[in-house]
Amino acid sequence: MTSTDTRDIIRVGSRKSELALKQTKYVIECLKEYHPTTEFQIVTMSTKGDKILDKSLPKIGEKSLFTEELELALESGRVDFVVHSLKDLPTSLPEGMALGAILKREDPRDAVVMSKKYKDKTLSTLPEGSVIGTSSLRRSAQLARNMPHLKVENIRGNLNTRLRKLDDENGSFAAIILAAAGLKRLNWENRISQLLEPEEALYAVGQGALGVECRETDWKILSLLEPLYDVETTLRCVCERSFLKTLGGGCSAPVAVSSTLKNKILTITGAVWSLDGQKLVQNISESKLYIPDDDGEPPK
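Under this note's numbering, think of the first position of the sequence shown as 1384, with each following residue one higher.
Here it is in structure tokens:
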């Protein structure tokens, strides 16, 4: 029994959406494998991004849209750690906060979900002027550049809400674009019409990964979370987040990446577009990593 097993109930902060709760419960299940006698309690709350649904994310004009309330609860001691979709977590954390773990990444790609009318189509074969729903500047810019025959309109809400808007027979959307990871975590893989490879559409920084945030001096919680770290995901996501932090991007800029780690070579493709997608700056960089072997010894 570890010291964390004798502690009072561990309180875990989460947004209220079905996806957020599923992700939080998954993190707790993973922790239970290492700390079977520890009790966890989920504390749910709504964030500003959950409450303001009549504006696109860039027009709200603030960072931490999906994290601020959770971080305030963490700071006040109301919760012991919080679970985020890593792509929602700003690259600069509040003072006194730390990323306690980054879990193994789910599929980072974007997924196209077609309406029933166009279920046999792809983005490239949709009729001229078809409306694609997304709230992401990154997706909008890439669509404008790569699929100029399509029209992009803002769509907000959680996954259930967006799918309901797509399925509305009186709605205007031919398709919507979502993170594949969210659809897979909610067992909606059968709704995926098309997976966009990085060559077709770069994805958001940290997309598909879960990040666990805690107080940087809470050593018991840091120790509790340590087994959850996935080395490959962490290396890739830290690299991606460093790229975004250098650019200073967030919801207000069309920034996207893809990354791989093969044979200890970390490769990242990073890009930024003009809002209309017509101007693009893109670069590929790679580095050889010196990763300790399983026995902790440096590589030969």
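Glycine included, every Cβ here is placed at the ideal spot set by N, Cα and C.
Under 8 angstroms by Cβ, that's how I've got residue i and residue j pegged, so tell me the actual separation to the nearest angstrom.
{"i": "R1398", "j": "Q1424", "result": "Not a contact, Cβ separation roughly 16 angstroms."}
{"i": "R1545", "j": "L1561", "result": "7 angstroms"}
{"i": "M1497", "j": "S1576", "result": "4 angstroms"}
{"i": "I1559", "j": "L1549", "result": "5 angstroms"}
{"i": "I1648", "j": "E1669", "result": "6 angstroms"}
{"i": "G1653", "j": "V1640", "result": "5 angstroms"}
{"i": "L1453", "j": "V1465", "result": "4 angstroms"}
{"i": "L1658", "j": "A1524", "result": "7 angstroms"}
{"i": "G1660", "j": "A1557", "result": "That belief does not hold up - the Cβ atoms of G1660 and A1557 are roughly 19 angstroms apart, past 8 angstroms."}
{"i": "L1644", "j": "L1618", "result": "6 angstroms"}
{"i": "I1604", "j": "D1463", "result": "5 angstroms"}
{"i": "E1451", "j": "G1479", "result": "In fact, because the Cβ distance is near 14 angstroms, the residues do not count as touching under 8 angstroms."}
Given residue i, which residues of its chain have a CB within under 7 angstroms of its CB, disregarding the five upstream and five downstream residues?
{"i": "L1627", "result": "T1474, V1588 and V1638"}
{"i": "K1567", "result": "E1489 and D1490"}
{"i": "M1563", "result": "Residue identity differs from the one stated: residue 1563 is Ala in this sequence, not Met. Taken in chain order, the residues that qualify are D1490, R1492, D1493, A1494, I1575 and L1578."}
I'd like to confirm the pairing. Which residues does DSSP put opposite residue i in its beta bridges?
{"i": "R1624", "result": "DSSP lists no partner for R1624."}
{"i": "L1579", "result": "D1493"}
{"i": "N1666", "result": "G1653"}
{"i": "D1586", "result": "For the sequence presented, residue 1586 should be read as Tyr rather than Asp. Paired residue(s): V1640."}
{"i": "L1561", "result": "A1494"}
{"i": "I1393", "result": "F1423"}
{"i": "S1468", "result": "L1593"}
{"i": "P1476", "result": "Here residue 1476 turns out to be Leu, not Pro, going by the sequence shown. None, per the DSSP bridge assignment."}
{"i": "L1482", "result": "E1596"}
So, at 6 angstroms on beta carbons, what are the nonlocal neighbours of residue i in its own chain, with the 5 sequence-adjacent residues on each side left out?
{"i": "V1664", "result": "V1655"}
{"i": "A1484", "result": "V1595, L1608, L1611 and Y1612"}
{"i": "I1411", "result": "F1423"}
{"i": "T1616", "result": "I1485, K1487, R1488 and A1592"}
{"i": "G1565", "result": "L1402 and L1542"}
{"i": "L1672", "result": "K1647 and L1649"}
Taking 8 angstroms as the cut-off, is the CB of residue i close to at least one heavy atom of the ligand ZN?
{"i": "L1549", "result": "Ligands are entirely absent from the displayed structure, and the ligand ZN is therefore not among its contents."}
Between residue i and the rest of its own chain, which residues show a CB-CB distance below 8 angstroms, the 5 nearest in sequence each way excluded?
{"i": "N1502", "result": "Sequence check: residue 1502 is Lys here, not Asn. Closer than 8 angstroms at the Cβ level, and outside the excluded window around K1502, lie S1576."}
{"i": "E1572", "result": "L1566"}
Cβ contact (3+ pairs, closer than 8 angstroms) linking the segment 1581-1595 and the segment 1468-1477: yes
Cβ contact (3+ pairs, closer than 8 angstroms) linking the segment 1526-1541 and the segment 1485-1505: In short, these stretches do not touch, since the Cβ pair count stays below three.
Start-end ranges of the alpha helix (DSSP H) lying completely within the segment 1504-1545, minimum 4 residues: 1520-1529
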